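Okay, so here's the structure we're looking at.
2 protein chains.
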Amino acid sequence: MPQTQDRNRQILLASRPVGAPVPENFRLVESAVPSPGPGQMLLRHIWMSLDPYMRGRMSDAKSYAEPVAINDVMPCGAVAWVVESNLEGYQPGDLVMSYTAGWQDYSLSDGSMVFRLDPNMPHPSQALGVLGMPGFTGYMGLLDIGQPKPGETVVVAAATGPVGSVVGQVAKLKGCRVVGIAGGPDKCAYAVDELGFDACLDHRLDSLPEDLANACPDGIDVYFENAGGKVFDAVMPLLNPHSRVPVCGLIAQYNATELPPGPDRLPQLMRLLLSQRIRMQAFIIFDNYGPHYPEFLAEMTPWVAEGKVKVREHRIEGLENAPQGLIGLLEGQNFGKVVVKIAD
Amino acid sequence: MPQTQDRNRQILLASRPVGAPVPENFRLVESAVPSPGPGQMLLRHIWMSLDPYMRGRMSDAKSYAEPVAINDVMPCGAVAWVVESNLEGYQPGDLVMSYTAGWQDYSLSDGSMVFRLDPNMPHPSQALGVLGMPGFTGYMGLLDIGQPKPGETVVVAAATGPVGSVVGQVAKLKGCRVVGIAGGPDKCAYAVDELGFDACLDHRLDSLPEDLANACPDGIDVYFENAGGKVFDAVMPLLNPHSRVPVCGLIAQYNATELPPGPDRLPQLMRLLLSQRIRMQAFIIFDNYGPHYPEFLAEMTPWVAEGKVKVREHRIEGLENAPQGLIGLLEGQNFGKVVVKIAD
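Going line by line, the protein sequences match chains A and B.
Just so you know, the first sequence maps onto residues 1 to 344 in full-length UniProt numbering.
Just so you know, the second sequence maps onto residues 1 to 344 in full-length UniProt numbering.
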């Protein structure tokens, strides 16, 4: 069931997951392609993005964004062609990145959260990763909150993912020692051999706390938190005085249905922050740093073009395979930025 | 046993407390008054300071400062006269604030962590409080990390203490709504009637969570954390998006001997930080902000002189009563900045 010109396939949230999402939480429906009203344009999606934050939107727990309503289209960003436009400044044939596209073939847009792309860019799907929200997240969180100095030790989890790989590679460009954490020996080898990390540790091994201590003989100055769970547990005892902890995600916790058993370590964390004078700051990239997007692109685009920042994508074919793609992403089955090709 | 000219009374750490300190953890000894060597001066202490951080120094747990060794003099800052000086720039009769004085009548100093005071200043003991480390802590933590904006809601515990009273009064001067938390109705009335807080809540009441929610109808934008424990528990659900949490102390936790029972709320706190994009940053005032001390004094000194920032001291007479003073401070028995008068 490929993309057509007259039907709009959509994947809806059918029910809220308890723990890890399952295929039954999603439903594929079809409807007519919508028509743009005044001030709107119609977008045809080519590449859609899958990202960990989507798990949060499937729940109705309080979070930074409203939950997706049951029977609403699942949210995502997409690279898209403009098909019709009643919106000044956009014409059919324009290539754009829309952050409000959704898991579907077509969407209407009023131009908000839409960025124009060069229609000749060699790899448009990079607008979903290294040059889009995940790359921007890694770049700004590292540089603005992390404030890495040459010679400092930076630790990042999900090291081969689109955020972690940018954090680590930018930290290397800034002269830091970089220790990654990833799931399995292949990802760890890639982080060291291809991305240039100084070390990368397998979080599946029980020896992670000792391995991390050995890999960070001078402690940790910046821990870029995109994991949570046992990775953070291993990091805590190694945090140096005046260390910085940008927090952009907690993928290891997203499927949890209850808090872990005691003791309650909340007071312990507060005491650690105080004793080490730690700055811990969470951020949502466009919410905190939206106006910095052009400067990010100005620095990152040449780095990618020159191979100073390397990119790996995990490509999935077909909109109908997006649910399984997200389920796998939350289990760490992907190797690189997950993108779904839904049309040519 | 008052101060004399030839004997130096000292209070030593006799043993490490388990839980709350007891009198047996301290020992009073006497020795000869020391003589200053080259580059040193002899200080005679007039007012000494008691502060919550001292509890931490009595333990050998990892913290931002080295623990006091058994049989070492307990640490404190003091207002002192220079008695003898082999140190350029200081002469007998100079009045100084020394942050390395210790619980004793006399100390030697090489001038480090010593600040000159105006010998005619009306209330020299204020150099231990509103114009010293606690006031500086409240001022910088609120303004630099808290970044309060007019109309925002600022919450601070230990509201009548030397840090909390400065946080609240400076926040009022900056146009914020200020809600204090203190122990008992007298302190709460003082915070509202004298210090000008918009509200002050009694943390001894079981209704604290509801009381705080009612007092903060627009949520909390800045929570100045100097308490920990159940105050922080009540604050967490009210923290607004982009709120800031400067962390300077955790007095409610200092006497704890073990972690509370579960569940483990550490992942919950991380999730809260992320969902509300909170900045939480701990600091130790001279460690983080030492060079800003003159600008702090330049702004705070006239505020105090003009009565825009009001000051309350809890005065104890006699060095020998310092141990009980610290024990009481950790139980919240003081009402205002605790200072010990040890000589005229």
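Quick reminder that beta carbons are idealized off the backbone N, C-alpha and C, glycines included.
These numbers were taken from a predicted model, which means no experiment stands behind them.
Asked: Span separating the alpha-carbon of R55 (chain B) from that of K341 (chain B); Found: 20 angstroms
Asked: Sequence-distant residues of the same chain with beta carbon closer than 7 angstroms to P237 (chain B), five excluded per side; Found: none
Asked: Amino acids of chain A, ordered along the chain, whose beta-carbon sits closer than 9 angstroms to that of S243 (chain B); Found: In chain order: nothing, as chain A lies at least about 10 angstroms away.
Asked: 8 angstroms CB neighbourhood of V68 (chain B) in its chain, flanking five on each side removed; Found: L13, R57, M58, M74 and P75
Asked: Closer than 8 angstroms to chain B by CB, N288 (chain A); Found: yes
Asked: Buried or exposed (CB count within 10 angstroms, at least 16 for buried), N214 (chain B); Found: exposed
Asked: Residue burial classification, L142 (chain A) (beta-carbon count within 10 angstroms, cutoff 16); Found: buried
Asked: Residue range of the alpha helix (DSSP H) that includes E210 (chain B); Found: L208 to A215
Asked: Contacting positions in the stretch 264-291 of chain B - beta carbon closer than 8 angstroms to chain A; Found: D264, R265, L266, P267, Q268, L269, M270, R271, L273, L274, S275, Q276, R277, I278, R279, M280, Q281, A282, F283, I284, D287 and N288
Asked: Residues bridged to V114 (chain B) [DSSP beta-bridge criterion]; Found: B:S98
Asked: CB contact check: P17 (chain B) to chain A, cutoff 8 angstroms; Found: no
Asked: Rounded straight-line distance, which links the Cα of P241 (chain A) to that of A171 (chain B); Found: 28 angstroms
Asked: Buried/exposed call for P294 (chain B), threshold 16 Cβ in 10 Å; Found: exposed
Asked: 8 angstroms Cβ cutoff, K310 (chain A) in contact with chain B; Found: no
Asked: P241 (chain B) in three-state terms, based on DSSP; Found: strand
Asked: Secondary structure, alpha helix (DSSP H): runs of 4+ residues fully inside the stretch 136-191 of chain A; Found: 162-173
Asked: Rounded C-alpha distance that separates G151 (chain B) from R177 (chain B); Found: 6 angstroms
Asked: Residues near G249 (chain A) in its chain [Cβ-Cβ closer than 6 angstroms; skip 5 each side]; Found: P52 and N226
Asked: Own chain partners of G132 (chain A) with C-beta closer than 8 angstroms, once the 5 adjacent residues on each side are dropped; Found: S49, G77, M97 and Q126
Asked: Between the CA atoms of E331 (chain A) and E84 (chain A) - distance to the nearest angstrom; Found: 39 angstroms
Asked: Residue-level contact to chain B via CB, S107 (chain A), 8 angstroms cutoff; Found: no
Asked: Residues sharing a beta bridge with C200 (chain B), DSSP; Found: B:G180
Asked: Where Q253 (chain A) meets chain B, residues with beta-carbon distance less than 8 angstroms; Found: P267, M270 and R271
Asked: Within-8 angstroms CB hit, P34 (chain A) to chain B; Found: no
Asked: DSSP three-state assignment for P320 (chain A), whether helix, strand or coil; Found: According to the sequence displayed, residue 320 (chain A) carries Glu and not Pro. In the structure shown, E320 (chain A) sits in a helix (DSSP, three-state: H, G or I).
Asked: Chain-ordered chain B contacts of residue 378 (chain A) [CB-CB under 8 angstroms]; Found: Lying outside 1 to 344, the shown extent of chain A, residue 378 (chain A) is not represented and no answer is given.
Asked: Partner residues on chain A for residue 409 (chain B), Cβ-Cβ distance less than 8 angstroms; Found: Since the displayed chain B opens at 1 and closes at 344, residue 409 (chain B) lies outside it and no answer follows.
Asked: Beta carbon of D60 (chain B) nearer than 8 angstroms to that of L87 (chain B); Found: no
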